[in-house]
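Participant:
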Amino acid sequence: MGVAATALFLLLPLMLLIAVLVWAGDRKAPIFRHTRLGRDGRSFGCLKFRSMVTDGEAVLAAHLAASPRARAEWAATHKLSDDPRITAIGQVLRKTSLDELPQLWNVLRGEMSLVGPRPIVQAEVARYGPAFATCFAVPPGVTGLWQVSGRSDTSYAERVALDLDYASRWSLRRDIAIMLRT
197 MGVAATALFL LLPLMLLIAV LVWAGDRKAP IFRHTRLGRD GRSFGCLKFR SMVTDGEAVL
257 AAHLAASPRA RAEWAATHKL SDDPRITAIG QVLRKTSLDE LPQLWNVLRG EMSLVGPRPI
317 VQAEVARYGP AFATCFAVPP GVTGLWQVSG RSDTSYAERV ALDLDYASRW SLRRDIAIML
377 RT
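Counting from 197, one number per residue, gives the positions in the sequence shown under our numbering.
1. So Leu358 and Ser345 are in contact, right, with Cβ under 8 Å, and what is the actual spacing, rounded?
2. Return the CA-CA distance between Lys275 and Arg314, expressed in angstroms with no decimal places.
3. Considering Cα atoms alone, identify which of Ser367, Val338, Ile374 and Pro226 is closest to Leu382.
4. Based on the DSSP output, what are the partners of Ile316 in its beta bridges?
5. Check whether the Cβ atoms of Gly340 and Thr283 sit closer than 8 Å, and answer yes or no.
6. Helix, strand or coil, according to DSSP, for Lys244 in the structure here?
7. Ordered along the chain, which non-local residues of its own chain (more than five positions away) have a Cβ less than 6 Å from that of Gly252?
8. Where do the N-terminal and C-terminal ends of the beta strand (DSSP E) with Ser390 fall, by residue?
9. In the DSSP assignment, what residue or residues form a beta bridge with Gly337?
10. Should His259 be counted as a contact of the ligand HEM given a C-beta to heavy atom distance under 7 Å?
11. For Leu217, which option in Ser277, Gly198, Ala271 and Val288 has the closest C-alpha, if you only look at C-alpha atoms?
12. Need the endpoints of the alpha helix (DSSP H) that Arg369 sits in, please.
13. Going by DSSP, what residue range makes up the alpha helix (DSSP H) through Pro280?
14. For Pro336, count neighbouring Cβ atoms within 10 angstroms of its own Cβ and tell me buried if that reaches 16, exposed if not.
15. Judging by CA-CA distance, which residue of Ser263, Phe245 and Glu269 is the nearest neighbour of Thr292?
16. Pull up the CB-CB distance for Thr330 and Ala363, whole angstroms please, since I reckon it's below 8 Å.
17. Check whether the Cβ atoms of Ser247 and Arg290 lie closer than 8 Å to each other.
18. Do Gln318 and Leu233 come within 8 Å of each other at the CB atom, strictly closer than that value?
19. What does DSSP give as the partner residues of Phe228 in its beta bridges?
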């Protein structure tokens, strides 16, 4: 928790700048809270800088309805390579992972760790199958094995395997190595 508090203090000027830039795009809240599952499947409000338009679900539904390629990509990875919901500043935030900085508050609150599996939404539990209990016996992390293993180039099944590997073989040394690769 001390590392998170120090990082939050040092990064506060950058976080304020990002908040202003996100807000300036559409005059909407720069930070949003979305319900995610963490350790032992407990839900919490995961914080992020907003990188999408505010009517993102409607935009996604329309895009998936109109594009078979997008539907297939979404079904396989739960991501889109050309996502119409992402704002211009959001593209930069996501590419640099700066959209995740508010999660340092989640770490301070004990809801997340610096390193661990990514927190997931309820709809993703089924994709983990029996591995869910093991993967989320540890706190979710701001970064993790999946993020440093080519997150954009891995399938969802590979993500689950990486989360399972991390949770099954946790060590402080490994956490430090993951943080250095982030």
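Even glycine gets a Cβ: it sits at the ideal position worked out from N, Cα and C.
Remember, it's a predicted structure, so these values are computed and weren't measured experimentally.
Facilitator: The relevant details are as follows:
1. 6 Å
2. 14 Å
3. Residue 382 lies beyond the residue range present for the chain, which begins at 197 and ends at 378; the question has no answer from this structure.
4. Leu233
5. no
6. strand
7. Arg281
8. Here the chain has residues from 197 to 378 only, and residue 390 is not among them.
9. Ser309
10. Questions concerning the ligand HEM fall outside what the structure shown contains, since it holds no ligand whatsoever.
11. Val288
12. Leu368 to Arg377
13. First-last for Pro280: undefined, no H or E at that position.
14. buried
15. Phe245
16. 5 Å
17. yes
18. yes
19. Lys244
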